[in-house]
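Protein chains in written order, with this note's numbering: chain A, 1 to 492; chain B, 1 to 462.
Take a look at the structure:
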């Protein structure tokens with residue numbers, strides 16, 4: 001039997017079996033897997049609760065919208081029947097009131113089906129805007145309420161577990177793959193067997209990698225499929241597949257790094273030090289430094305300047321519509337003036353002035369606002385390029401893309417909201433200027449908001465090239481490690 | 001005796017590559033962070049000062065206008081960056097800096113820098129404070145994990161003990177060596193920075209900043225001391241260097257990375273933050289209730305702006321309406337901000353196992369970039385808004401209320417605008433920050449003593 005030529009595959013399976021037995025018996029692997037499962041479970045719980053929170057918000061907003069519309073319609077009926085004369089701001093027949101305080105229209109963006117996988121920017125960026133004729137500066141900067149301290153700490157979500165913690169667990173399992181054998185004196189014995197170092201290393205890694213992946217990949221996906229019917233479509237299944245591939249590639253990358261460090265042949269402590277240094281550099285230092293670099297290379301325009309521009313534009317519009325602002329105001333003493341006659345209504349000139357001046361301010365400020373968005377896109381492009389330097393950034397970007405909580409999607413939402421806001425104003429502009437009263441048909445044909453989801457192909461592209469890159473990196477480093485270990489320098 | 005031990009350890013560390021590489025990287029990062037932060041701060045502060053001056057100037061010279069329309073243009077006020085924000089930007093990236101004070105409703109501090117940044121912002125901000133809080137403990141662990149266990153493994157510990165070296169000297173020597181390594185790395189940069197910051201300030205503000213720096217030194221001293229003694233204790237207690245390293249690294253990961261996140265998730269469950277929608281709805285309802293009460297008390301009408309109120313009473317009505325709202329605003333915003341502060345205070349207890357949580361709050365507080373000081377600014381801005389509003393309403397009562405339907409033809413002039421004072425915000429003194437954060441410092445001090453005692457016990461057992 002000793003004389004038979006060693007078959008690499010069967011040796012590999014032997015090593016895998018043996019390694020599994022050892023790891024299970026000395027309880028490292030079960031312990032690490034339990035820790036991972038706990039963290040994945042907790043991360044998923046946090047992600048789910050945040051996603052539910054946002055789902056509920058969108059539901060509430062839509063309900064609120066319907067209620068306001070019903071209320072407006074019933075008030076309008078009584079107004080048209082001449083039963084009530086109201087103060088100007090709360091008369092739905094008045095187009096300026098409908099465009100503003102009574103609007104009750106919202107732009108909303110529902111969660112992507114896999115939102116629970118990563119919180120990303122969703123705790124900071126709003127997922128709904130209240131639409132009225134207000135200026136963009138007034139309503140586009142309402143952010144979601146969250147304790148800034150918590151924003152600073154970050155969430156314990158699944159993306160954090162994968163990007164930050166998973167590599168550390170890989171380190172725990174594999175910093176002493178070969179060095180421990182050497183320190184126990186068993187490496188010499190193994191070398192005397194018909195067994196290449198490369199096979200030994202791969203066998204050891206296969207067990208560990210499979211165990212970690214078996215915990216981290218199926219657990220969240222199964223939970224999502226079970227409790228979230230929206231996650232069962234083909235599109236979502238493809239996304240889940242790409243998510244699994246991405247996570248697997250990231251795990252393999254860190255194992256490849258561990259293999260390479262082990263192949264150099266240093267002591268266990270040194271290996272652990274090098275692994276932690278590598279992790280600190282790629283996961284902690286590089287992203288933080290890159291954040292600084294992005295801000296330096298492509299800085300956001302000055303918000304102070306925006307504020308000054310807003311002030312100047314507001315002052316100008318106040319001057320321009322001064323006559324309207326200071327016209328006589330007789331609606332308090334003469335409510336009859338607000339009644340609808342021949343489908344016409346007198347829009348109080350002050351309200352007309354509000355509408356016009358907000359529109360004017362936006363015209364003035366919009367170029368500046370555009371610059372902010374463009375700059376942010378520019379920064380995002382820079383991040384895409386810089387992410388080649390750190391696997392942590394690469395994976396984090398892809399994870400948030402899959403979850404639909406990345407900056408890109410929120411920017412698209414903002415963009416579409418701005419366009420809708422303009423449509424909203426254009427709808428009311430002729431009515432206000434020509435004093436046309438709102439009719440019941442008008443109320444049901446107000447501009448409607450439709451969120452146009454980002455191109456699935458774009459997300460797919462973002463995710464797959466990153467996954468491919470991770471795999472290439474992992475196999476290059478892994479190949480290097482195997483080549484180096486089989487040269488035999490690892491042994492002694 | 002302990003000086004000899006320290007000198008020997010120091011020499012060893014200097015010859016070892018770990019300190020050189022890791023320490024060098026930290027110093028470089030620190031310089032980069034300081035330079036970038038300094039640059040940003042100078043730019044922001046000059047921009048904001050100029051912006052606010054221009055804004056007030058425009059307010060004064062807005063010509064003749066109906067006072068209510070002047071309140072429509074309102075006033076922008078900007079939060080000044082405290083001098084030490086270069087060292088610790090704190091919650092800065094996640095809170096705004098600009099308030100547009102307009103009529104009718106409390107506006108929030110807007111324009112969070114994080115909104116103008118990419119998702120990378122969420123990895124953290126490269127600041128000296130981050131380096132000291134996260135990376136320096138790692139450095140201490142990396143250079144100190146084998147300082148006792150290494151001696152044992154090489155057999156030199158026995159020799160030392162056989163010479164009759166007392167445990168206390170051994171501990172002091174080892175600690176002095178570690179401390180001087182860390183000190184050599186950060187003291188020159190820190191001292192230079194402190195001198196620069198203080199020198200650039202007007203004399204009146206210097207004392208406050210010097211106090212703040214002194215308290216920061218104390219806080220960080222305790223914090224790094226905790227890690228130092230803990231490293232020595234583990235190194236002495238555990239069988240091998242390898243085990244000491246793994247244990248310490250595990251503690252570092254759990255305490256500096258995982259604990260802050262878990263703590264904020266947990267306190268969120270304990271004291272839930274309302275959603276924007278809930279908050280807005282609640283506020284609107286409270287404002288409406290308060291308004292209704294005030295209107296019926298003053299004018300006998302059920303609804304605000306009831307048609308039965310003649311236009312000649314609008315100045316008075318505005319005043320009643322605004323003042324009725326103040327209570328509701330104070331209560332709602334106060335409740336929200338109390339929730340934030342309660343969440344943070346609850347997290348301080350996590351500082352018992354993860355010192356970084358306690359230190360982070362303390363450091364922000366001393367740097368002037370924590371929530372309580374942000375809240376102080378928000379409150380000052382809101383008071384300024386109310387001041388404008390009150391002045392405007394008073395003037396309307398005096399002048400426009402006699403004009404009946406021509407109410408809005410009334411135009412006030414520069415004398416009225418000049419009655420609104422310039423917004424001069426004085427950031428609260430160090431005593432304010434201390435009153436909010438002394439518990440964190442006390443916690444750090446207690447943990448420092450505990451870890452020193454643990455190290456003493458561990459070394460005397462050998």
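For glycine and all other residues, C-beta sits at the position ideal for the given N, C-alpha and C.
Check                                                                                                                                                    : Outcome
With DSSP as the reference, label residue 451(A) as helix, strand or coil.                                                                               : coil
What's the call for residue 218(A), buried or exposed, on a 16-neighbour Cβ count within 10 Å?                                                           : exposed
The beta strand (DSSP E) that contains residue 75(B), what's its start and end?                                                                          : 75-78
Name, going along the chain, the residues of the region 368-387 of chain B whose beta-carbon falls closer than 7 Å to a beta-carbon of chain A.          : 371
Can you give, in chain order, each stretch of the alpha helix (DSSP H) that sits fully within the region 382-406 of chain A and has at least 4 residues? : 391-403
For residue 422(B), which residues in the same chain have their Cβ closer than 8 Å to its Cβ, ignoring the five residues on either side in sequence?     : 56
DSSP state of residue 345(A), grouped into three classes?                                                                                                : coil
State yes or no: is the beta carbon of residue 223(B) nearer than 9 Å to at least one beta carbon in chain A?                                            : no
Taking DSSP as the reference, what is the three-state secondary structure of residue 65(B)?                                                              : strand
Just the chain B side, please: which residues come within less than 8 Å of residue 380(A) by C-beta, in chain order?                                     : 118
Please decide whether residue 9(B) counts as near chain A, where near means a Cβ-Cβ distance under 9 Å.                                                  : no
What is the rounded straight-line gap between the Cα of residue 121(A) and the Cα of residue 81(B)?                                                      : 25 Å
Secondary structure at residue 165(B), three-state DSSP: helix, strand or coil?                                                                          : coil
Residues of chain A with CB closer than 8 Å to the CB of residue 407(B), please, in chain order.                                                         : 329
Secondary structure at residue 56(A), three-state DSSP: helix, strand or coil?                                                                           : helix
For residue 100(B), report the span of its beta strand (DSSP E) as first-last.                                                                           : 98-101
Checking 9 Å against the spacing of the C-beta atoms, do residue 208(B) and residue 430(B) come in under that value?                                     : yes
Would you report the Cα separation of residue 286(B) and residue 330(B), rounded to the nearest angstrom?                                                : 11 Å
Is residue 107(A) helix, strand or coil when you go by DSSP?                                                                                             : strand
For residue 274(A), is the beta carbon positioned less than 8 Å from some heavy atom of the ligand ZN?                                                   : Looking at this structure, you won't find the ligand ZN or any other ligand, since it has none at all.
Determine the closest residue to residue 333(B) out of 61(B), 276(B), 389(B) and 200(B), with distance taken between C-alpha atoms.                      : 276(B)
Bridge partners for residue 494(B) per DSSP, in chain order?                                                                                             : This structure gives no information on residue 494(B), because the portion of chain B shown stretches from 1 to 462.
Check whether the Cβ atoms of residue 179(A) and residue 482(A) lie closer than 9 Å to each other.                                                       : no
Just checking my contact of residue 234(B) with residue 244(B) at CB under 8 Å: how many whole Å lie between their CB atoms?                             : 5 Å
Under the three-state reduction of DSSP, which class applies to residue 261(B): helix, strand or coil?                                                   : helix
Just tell me which of 27(B), 71(B), 10(B) and 148(B) has its CA closest to the CA of residue 460(B).                                                     : 148(B)
Strictly by DSSP, which residues pair up with residue 412(B)?                                                                                            : 65(B)
Quick one: give me the first and last residue of the beta strand (DSSP E) that residue 131(A) is part of.                                                : 128-131
Grab the span of the alpha helix (DSSP H) containing residue 123(B) for me, first residue to last.                                                       : Run containing residue 123(B): none; DSSP gives neither H nor E here.
Distance, Cα to Cα, residue 110(A) vs residue 223(A)?                                                                                                    : 20 Å
Can you check whether the C-beta of residue 250(A) is within less than 9 Å of a C-beta belonging to chain B?                                             : no
Tell me the DSSP secondary structure of residue 436(A) in three-state form.                                                                              : strand
Any beta-carbon of chain A closer than 9 Å to the one on residue 355(B)?                                                                                 : no
Does any residue of chain B bring its CB to less than 9 Å from the CB of residue 407(A)?                                                                 : yes
Give me the residue from 79(A), 273(A) and 353(A) with the minimum Cα distance to residue 316(A).                                                        : 353(A)
Confirm, please, whether the CB-CB distance from residue 165(A) to residue 213(B) is below 9 Å.                                                          : no
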